[in-house]
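A.B. asks: After the structure tokens below, expect a handful of questions from me.
Residue numbers (my numbering): 400 to 459.
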């Protein structure tokens with residue numbers, strides 16, 4: 400399955416792993432060195448957005 404995700408603002412997504420004193424979080428990279436995020440992360444983000452859109456405050 401392929402997804403296309405468009406970010407409408409600045410974003411930061413880290414692996415949750417520490418890189419010691421050099422960085423406070425590490426971004427996951429694929430075999431080509433490009434940043435990526437896991438299916439688990441996509442599932443979580445989708446769940447959060449679904450919950451937000453179900454809230455009456457989200458809809459004008």
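Think of the CB as a built atom: it goes at the ideal place given N, C-alpha and C, for glycine as much as any other residue. None of the values given here were measured: they were computed from a predicted structure.
1) What are the boundary residues of the alpha helix (DSSP H) that includes residue 438?
2) Since residue 435 contacts residue 427 with CB under 8 Å, what's their CB separation in whole angstroms?
3) For residue 451 and residue 400, I'd like the C-alpha separation in whole angstroms.
C.D. replies: Put simply:
1) Your numbering for residue 438 matches position 39 in the chain shown. Bounds of the alpha helix (DSSP H) holding residue 438 are 438-453.
2) Taking the first residue of the chain shown as 1, we reach residue 435 at position 36. Taking the first residue of the chain shown as 1, we reach residue 427 at position 28. Right, their Cβ atoms sit about 6 Å apart.
3) The residue you call residue 451 lines up with position 52 of the chain shown. The residue you call residue 400 lines up with position 1 of the chain shown. Cα-Cα distance, rounded: 25 Å.
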